[in-house]
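Chemist:
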Amino acid sequence: MENYYRTKDLGEASALMAKGQRLINLERKDGICWFLFEDKQKCEKLSNNFFFGELLVNARDYQDAMTRLKNRIFA
């Protein structure tokens, strides 16, 4: 079983990066960009907190992460 976490949500991926999760790959499939992260268990916990509005991140780190992800998407 693979121990990586996948999401296609840019906001969620940015939050994961802002919390120190390592992006391991970016996959494009059928016009959708998927972000793959290490440590599936930790990412799932952070993701749940993100969607329930309980995840606190530094705003600057979040913006930097989103900018880096957008650069990877559109490069």
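Take the sequence shown: its position 41, counted from the start at 1, is 44 in the numbering used here, and no numbers get skipped. All C-beta atoms in this analysis are idealised placements derived from N, C-alpha and C, irrespective of residue type, glycine included. Quick caveat: nothing in here was measured; it's all calculated off a predicted structure.
Hey, could you find the ends of the beta strand (DSSP E) L59 is sitting in?
Modeler: Where L59 is concerned, there is no enclosing beta strand (DSSP E), given that its DSSP letter is neither H nor E.
Chemist: Any idea which residues DSSP pairs L49 with across the strands?
Modeler: DSSP output for L49 lists no bridge partner at all.
Chemist: Helix, strand or coil for E5? Go by DSSP, reduced to three states.
Modeler: coil
Chemist: Quick one, are the C-beta atoms of N28 and L13 less than 7 Å apart?
Modeler: no
Chemist: What are the residues that DSSP puts in a beta bridge with F38?
Modeler: T10 and L29
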